[in-house]
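Following: one structure in structure tokens, then a few remarks.
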Amino acid sequence: MAITLQSDQKIRDALSSIIEGKIVKRIKHELRHEGKDLTAMFIEELERHGYRATTVDQVNVQPGERVPAFYIDNGNAYFGWVFWEQFTSWKIRKLWGSVIKNKRGDWDMQIPATRNTIIYANELLKLEMDIDHPPEF
Numbered sequence: 069m070a071i072t073l074q075s076d077q078k079i080r081d082a083l084s085s086i087i088e089g090k091i092v093k094r095i096k097h098e099l100r101h102e103g104k105d106l107t108a109m110f111i112e113e114l115e116r117h118g119y120r121a122t123t124v125d126q127v128n129v130q131p132g133e134r135v136p137a138f139y140i141d142n143g144n145a146y147f148g149w150v151f152w153e154q155f156t157s158w159k160i161r162k163l164w165g166s167v168i169k170n171k172r173g174d175w176d177m178q179i180p181a182t183r184n185t186i187i188y189a190n191e192l193l194k195l196e197m198d199i200d201h202p203p204e205f
């Protein structure tokens with residue numbers, strides 16, 4: 069089934085809503101519509117919104133800041149943040165953590181800076197956060 073220009077724009081608008089997170093909650097979203105894989109279209113929309121393919125290590129974020137980012141895997145887009153997690157005053161680590169939490173209240177999905185996993189981050193949307201209480205963002 070071919071996507072018409074009108075339905076194509078409606079799909080792009082829906083994907084933009086996911087990216088912006090104002091109307092649609094940014095969590096986990098399946099990138100399929102009527103059997104069609106929308107991953108490439110979602111990436112185009114991410115880029116249009118200022119998100120760039122990168123790795124956690126390459127994201128310019130300091131302790132006390134967070135950068136919004138999407139991880140795409142197997143036809144699903146997962147929203148999360150790149151930030152520094154503080155364990156003690158001298159032990160911290162940089163990671164991407166999903167907004168989806170596990171039973172313990174920790175990030176259900178984590179990507180450390182040591183992995184070369186591709187994420188799509190937008191450093192222009194960087195926000196301040198409380199490094200002592202990152203789960204509260």
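For my numbering, count along the sequence shown from 1 and bump the result up by 68.
Glycine is no exception: its CB is placed at the ideal position from the N, C-alpha and C atoms.
Residue i vs residue j beta-carbon contact at 8 Å
{"i": "residue 79", "j": "residue 114", "result": "no"}
{"i": "residue 98", "j": "residue 143", "result": "yes"}
{"i": "residue 132", "j": "residue 197", "result": "yes"}
{"i": "residue 146", "j": "residue 189", "result": "no"}
DSSP beta-bridge partners of residue i
{"i": "residue 188", "result": "121, 138"}
{"i": "residue 14", "result": "The structure shown does not extend to residue 14, since the chain is modelled only from 69 through 205, so no value can be given for it."}
{"i": "residue 147", "result": "138"}
{"i": "residue 193", "result": "According to DSSP, which records beta bridges pairwise, residue 193 is partnered with nothing at all."}
{"i": "residue 180", "result": "163"}
DSSP state of residue i mapped onto helix, strand, coil
{"i": "residue 108", "result": "helix"}
{"i": "residue 211", "result": "A query on residue 211 cannot be resolved here, the shown segment of the chain reaching from 69 to 205 and no further."}
{"i": "residue 161", "result": "strand"}
{"i": "residue 102", "result": "coil"}
{"i": "residue 75", "result": "helix"}
Burial state of residue i (16 or more Cβ within 10 Å)
{"i": "residue 158", "result": "exposed"}
{"i": "residue 171", "result": "exposed"}
{"i": "residue 155", "result": "exposed"}
{"i": "residue 165", "result": "buried"}
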